[in-house]
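First up is the structure itself, then whatever we jot down about it.
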Amino acid sequence: VKIMTAKAKGVEFVLPTDVVVADKFAADADSKVVPVTAIPDGWMGLDVGPESRATIKKALSDCKTILWNGPMGVFEFDKFAAGTNAIAELLAEVTSQGATTIIGGGDSVAAVEKAGLAEKMSHISTGGGASLELLEGKVLPGVACLDDA
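As C-alpha coordinates, this is what we get:
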(Lines of atoms letter the chains of each structure in order from A; the text may use other names.)
(Lines give C-alpha, C1' and ligand atoms only; values in the text may rest on other atoms or scores of the structure.)
Protein backbone atom coordinates (compact mmCIF):
# COMPACT_ATOMS: atom_id res chain seq x y z
CA VAL A 7 0.00 0.00 0.00
CA LYS A 8 2.79 2.47 0.90
CA ILE A 9 4.56 1.74 -2.38
CA MET A 10 1.39 2.58 -4.30
CA THR A 11 0.96 5.76 -2.24
CA ALA A 12 4.53 6.78 -3.05
CA LYS A 13 3.98 6.08 -6.75
CA ALA A 14 0.74 8.09 -6.77
CA LYS A 15 2.62 11.04 -5.28
CA GLY A 16 5.41 10.78 -7.85
CA VAL A 17 7.95 9.49 -5.31
CA GLU A 18 10.50 7.02 -6.62
CA PHE A 19 10.66 3.96 -4.39
CA VAL A 20 13.83 1.95 -5.05
CA LEU A 21 14.03 -1.66 -3.91
CA PRO A 22 16.85 -4.18 -4.43
CA THR A 23 16.62 -6.46 -7.44
CA ASP A 24 19.53 -8.72 -6.54
CA VAL A 25 21.01 -9.81 -3.26
CA VAL A 26 24.12 -11.47 -1.89
CA VAL A 27 22.92 -14.59 -0.14
CA ALA A 28 24.73 -16.79 2.35
CA ASP A 29 24.24 -20.30 3.62
CA LYS A 30 24.75 -19.16 7.22
CA PHE A 31 25.07 -15.97 9.25
CA ALA A 32 28.86 -15.90 9.48
CA ALA A 33 31.83 -14.08 8.02
CA ASP A 34 33.04 -17.30 6.37
CA ALA A 35 29.69 -18.29 4.87
CA ASP A 36 29.42 -19.51 1.31
CA SER A 37 27.80 -16.78 -0.75
CA LYS A 38 26.47 -15.97 -4.20
CA VAL A 39 24.44 -13.26 -5.94
CA VAL A 40 20.86 -14.09 -6.91
CA PRO A 41 17.73 -12.16 -7.91
CA VAL A 42 15.66 -11.15 -4.86
CA THR A 43 12.92 -13.42 -6.17
CA ALA A 44 15.20 -16.48 -6.20
CA ILE A 45 16.74 -16.78 -2.74
CA PRO A 46 17.41 -20.51 -2.29
CA ASP A 47 15.78 -22.38 0.58
CA GLY A 48 18.04 -22.35 3.61
CA TRP A 49 19.96 -19.28 2.44
CA MET A 50 19.58 -15.69 3.65
CA GLY A 51 20.14 -12.28 2.12
CA LEU A 52 23.05 -10.50 3.79
CA ASP A 53 23.77 -7.64 1.35
CA VAL A 54 22.37 -5.96 -1.71
CA GLY A 55 23.82 -7.21 -4.97
CA PRO A 56 25.88 -5.29 -7.54
CA GLU A 57 22.89 -4.47 -9.75
CA SER A 58 21.02 -3.06 -6.74
CA ARG A 59 24.06 -1.04 -5.65
CA ALA A 60 24.24 0.57 -9.08
CA THR A 61 20.51 1.35 -9.09
CA ILE A 62 20.58 2.85 -5.60
CA LYS A 63 23.68 4.91 -6.36
CA LYS A 64 22.09 6.25 -9.54
CA ALA A 65 18.92 7.21 -7.64
CA LEU A 66 20.92 9.05 -4.96
CA SER A 67 23.62 10.64 -7.11
CA ASP A 68 21.78 13.89 -7.85
CA CYS A 69 19.86 14.27 -4.59
CA LYS A 70 20.40 17.44 -2.58
CA THR A 71 19.33 15.95 0.77
CA ILE A 72 19.73 12.32 1.79
CA LEU A 73 18.63 10.73 5.04
CA TRP A 74 20.20 7.30 5.49
CA ASN A 75 18.74 5.06 8.15
CA GLY A 76 19.95 1.49 8.03
CA PRO A 77 22.87 -0.29 6.35
CA MET A 78 22.45 -2.16 3.08
CA GLY A 79 23.72 -5.41 4.56
CA VAL A 80 25.64 -7.07 7.35
CA PHE A 81 28.54 -4.62 7.12
CA GLU A 82 30.17 -6.09 10.24
CA PHE A 83 31.26 -9.00 8.01
CA ASP A 84 33.60 -7.66 5.30
CA LYS A 85 32.23 -10.19 2.83
CA PHE A 86 28.79 -8.56 3.11
CA ALA A 87 29.79 -4.90 3.46
CA ALA A 88 30.05 -3.95 -0.23
CA GLY A 89 26.54 -2.49 -0.46
CA THR A 90 26.86 -0.44 2.70
CA ASN A 91 30.35 0.76 1.78
CA ALA A 92 29.26 1.74 -1.74
CA ILE A 93 26.44 3.91 -0.39
CA ALA A 94 28.67 5.43 2.30
CA GLU A 95 31.27 6.32 -0.36
CA LEU A 96 28.60 7.86 -2.59
CA LEU A 97 27.19 9.92 0.30
CA ALA A 98 30.67 11.21 1.14
CA GLU A 99 31.09 12.21 -2.51
CA VAL A 100 27.75 14.01 -2.83
CA THR A 101 28.35 15.76 0.49
CA SER A 102 31.60 17.16 -0.92
CA GLN A 103 29.54 18.45 -3.86
CA GLY A 104 27.12 20.33 -1.60
CA ALA A 105 24.43 17.79 -0.74
CA THR A 106 23.21 17.48 2.84
CA THR A 107 23.64 13.96 4.17
CA ILE A 108 22.08 12.84 7.44
CA ILE A 109 23.10 9.49 8.87
CA GLY A 110 20.55 8.28 11.40
CA GLY A 111 20.69 5.27 13.65
CA GLY A 112 23.39 3.46 15.54
CA ASP A 113 24.06 0.81 12.88
CA SER A 114 24.28 3.39 10.10
CA VAL A 115 26.64 5.51 12.18
CA ALA A 116 28.78 2.45 12.95
CA ALA A 117 28.86 1.60 9.24
CA VAL A 118 30.12 5.02 8.11
CA GLU A 119 32.61 5.06 10.97
CA LYS A 120 33.90 1.60 10.00
CA ALA A 121 34.24 2.85 6.41
CA GLY A 122 36.23 5.84 7.70
CA LEU A 123 33.74 8.29 6.21
CA ALA A 124 31.82 9.67 9.20
CA GLU A 125 33.65 13.00 9.08
CA LYS A 126 32.61 13.47 5.45
CA MET A 127 28.87 13.43 6.22
CA SER A 128 26.83 16.53 7.05
CA HIS A 129 25.19 15.18 10.20
CA ILE A 130 25.46 12.01 12.28
CA SER A 131 22.76 10.94 14.76
CA THR A 132 22.40 7.72 16.70
CA GLY A 133 18.67 8.48 17.10
CA GLY A 134 17.51 6.73 13.93
CA GLY A 135 14.04 5.62 14.96
CA ALA A 136 13.38 8.85 16.83
CA SER A 137 14.57 10.88 13.85
CA LEU A 138 12.16 9.06 11.56
CA GLU A 139 9.29 9.58 14.00
CA LEU A 140 10.09 13.29 14.19
CA LEU A 141 10.05 13.52 10.39
CA GLU A 142 6.68 11.73 10.41
CA GLY A 143 5.34 14.51 12.64
CA LYS A 144 5.03 12.39 15.76
CA VAL A 145 5.52 13.96 19.17
CA LEU A 146 8.65 12.67 20.85
CA PRO A 147 8.24 12.17 24.62
CA GLY A 148 11.67 13.63 25.38
CA VAL A 149 10.87 16.77 23.41
CA ALA A 150 7.30 17.02 24.73
CA CYS A 151 8.50 17.04 28.34
CA LEU A 152 10.70 20.04 27.52
CA ASP A 153 7.58 21.93 26.41
CA ASP A 154 6.07 21.27 29.85
CA ALA A 155 9.17 22.51 31.73
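Per the working numbering, the sequence shown starts with residue 7, numbered consecutively. All residues carry an ideal CB built from backbone N, CA and C; glycine is no exception. All figures in this text were calculated on a predicted structure; none of them were measured in a lab.
- DSSP, reduced to helix, strand and coil, places T101 within a helical segment of the structure shown.
- Short of 8 Å from the beta carbon of C69, and not among the five residues preceding or following it, lie these beta carbons of its own chain, in chain order: V100, A105.
- Between P147 and G110, the alpha-carbon positions lie close to 18 Å from each other.
- By the Cβ neighbour-count rule, L96 is buried, with 16 or more other Cβ atoms within 10 Å of its own.
- Per DSSP, P56 is one residue of the alpha helix (DSSP H) stretching across 56-66.
- In this structure, DSSP gives L152 a helical state, which the three-state scheme calls helix.
- Partner residues in the beta bridge of W74, as assigned by DSSP, are I109.
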